[in-house]
Structure formats: structure tokens, C-alpha cells
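Residue numbers (the numbering used here): 2 to 319. Beta carbons are placed, not taken as given, at the ideal position from N, Cα and C, and that holds for glycine. Notes follow once the structure below has been shown.
Laid out in C-alpha cells, this is it:
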């Protein structure tokens, strides 16, 4: 091969070809060179590190950011953190694929799995490949039903879809997640068909939960369904809600909120969630940072999967 060209010529040829999309013939004409010379110059550009070619596979595994992961583990005393991104892919899709991969790893090792609801949880379950485990784990709802938050696009519930992918049978909780009165919630919990499912859900070995943030996405809708009167809403806001998990709110320091909202949710209690051996929390979007921080400070989450934008926003606030 001829001696390396002047760096300025190599850079100019590389910019014309790679950045401006010119053909090698067009580059040759503009630089007054032969086409074969241009071909050799472009090879030099790669060999000398002037041009680096990166292939992004949109269907490949999400990229992890180890620096952000270490920072989040330290800031929130987490057991395991996955901070992910994928080229030309929304954060929620990267989180879904990583969450599904983790669930695939964990599921064969446990005898029971609990699942909450939410858009990110839906995406994780939708991304999960069929495993058909034998023996299959018990699959239980951590919270009652919510038509807008526990159904996939095809209309099937997250719970049933997860069970199907694992080769299991879903143990259904035939009751709404959020009620308009504390009395109604207590009455339903007292029904044996409902209480027994919640009791079993409190004993799961692995829980997959979405993490919400007060005021954004589904969290305001949860509060709306409770039909709080003016005084109750004032009491709720006075507790400075930050995040939610399984329909239960915490403040920015991770302290669970009490009445009126806590008494109107049909789900595992916060203390029960704290006793689950591994809680896998998933969330995406920088706007969720305040809520995710609050939930992490509660100690309820052991393993966290978030996108890079959310991770940076959390560290800026923390």
C-alpha cells in the first residue's frame, strides 16, 4: 500500500464518504484522486482510528452503564442494579427487555412469583419469552385488578400472560385494586376467596413490581379512583406523597403513607412486601425520579432496572 496520506486528506475523504454520503467516485472527483486511491484512503481512515464503525443491533441486548449502576447501588444500598439503553429505542423498551431477561434467569430458581401492574410491568411481561418451566412456579397477583394497568394490548391480563409464559396457572384475585371506601376494602379482604390469595401473595419468593411517581402517569389515576373528599385529599397531600408501589404510596424519605389512601387499596401490605426475599422493581422515564427515589428509600426494592435517563435524574436529585 502507498505511504499513508496526509491526515487532512484522509479526514476530508472520510467526512465526504461517511458523513455526507458521497460515493467513492464522487469523493475522487472532489479531491482530484482516482477511485482506487479513495478506496485505499478510506481503509487508512479505519486502520488509523480516524473512522470507527459501530454496529447497533436494535434487537440485541440493551447496553448497560456500569458507572451509573455503581452510583445507584451505593446511593440506595441496592443489591443489584441494571441501567440500560438501546440505540433508537425508547427507554421503556430497553427496560422491558432487560427486566424480561432477569425474570427468565430468576423464574427457574423460585417456587412462587408475584406481580403488580403498570405500563413498565406490562412491557416486561410482553417481552418475556415462553419458558414452560417444570415444575412451574405459583404465579400470584400482589394487587387487585385494574383494567387500565394490568392488561396487555391483546386484552389478556398481565398475570395470566406471565403464568402462560412460565407454563403455570395464574391464581386470580377477583377484586378491584382500588376502592372508594376503607370499609369496602376491609370487607373484601375478609372474604376467604380474596384473603387467601393475598395471604399466599405475601409469601412469594420473587416479586415483579412497577414503581410510580406521584402526579405522573398512572399515579394520579389511582388517587382519582379512591374518590377522596376535600378533607381526605388535604390529608393525603399533607403527607407529601412521592412514589407508589402496589398501589401504596410513600413520601420522599420512603415512609409509607397511612389513611386515607392506604386503607383503600386491596393489595399486599407494605410490611408484607418488605419481607419478600427479592423484589424486582422496574421503571423508566426521567419524570419518575422523585417517586423511584422515595420507593428505594423505603427498602422495598432489592433489584432495580431503569433506563439511563431515569438513572441520571435520580442521581442528580439524590
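Closest in alpha carbon position to residue 162, among 262, 67, 119 and 129, is 129. Between residue 103 and residue 281 a beta carbon distance of about 6 Å is seen, short of the 8 Å cut, so the two are scored as contacting. Residue 176 has its alpha-carbon roughly 10 Å from the corresponding atom of residue 192.
Of the residues 23, 297, 246 and 25, the one whose Cα lies closest to the Cα of residue 145 is 246. For residue 189, the CB contacts under 7 Å within the same chain, skipping 5 residues up- and downstream, are 176, 195 and 267 in chain order.
For the pair residue 290 and residue 109, the Cα-to-Cα distance works out to about 32 Å. With contacts defined as CB atoms closer than 9 Å, residue 73 and residue 84 qualify as a contacting pair.
Under the DSSP assignment, residue 253 falls outside any beta strand (DSSP E); it carries neither an H nor an E label. The three-state reading of DSSP puts residue 222 in helix, counting H, G and I together. Comparing alpha carbon positions, the residue from 27, 205 and 120 closest to residue 107 is 205. Residues of the same chain with a CB within less than 6 Å of the CB of residue 139, apart from the 5 flanking positions on each side, are 113 in chain order.
By the beta-carbon neighbour count (other beta carbons within 10 angstroms, threshold 16), residue 263 is buried. Taken through DSSP and simplified to helix, strand or coil, residue 177 comes out as strand. Taking the CA atoms as reference points, residue 16 sits about 12 Å from residue 42. Each residue's CA atom was taken as its position, placing residue 133 and residue 26 some 56 Å apart.
Membership of residue 142 in any alpha helix (DSSP H) is not indicated; the residue belongs instead to the beta strand (DSSP E) covering 139 to 142.
If you check the CB distance, residue 171 and residue 164 come in under 9 Å.
The C-beta of residue 285 has 16 or more other C-beta atoms within 10 Å across all chains shown, which makes the residue buried. Looking at the DSSP output, residue 136 sits in no beta bridge, so it has no partner there. For a cut-off of 8 Å, the C-beta gap from residue 219 to residue 119 is around 6 Å, short enough to register as a contact. Per DSSP, residue 81 is one residue of the beta strand (DSSP E) stretching across 81 to 86.
About 5 Å separates the Cβ atoms of residue 116 and residue 209, confirming a contact at the 8 Å cut-off.
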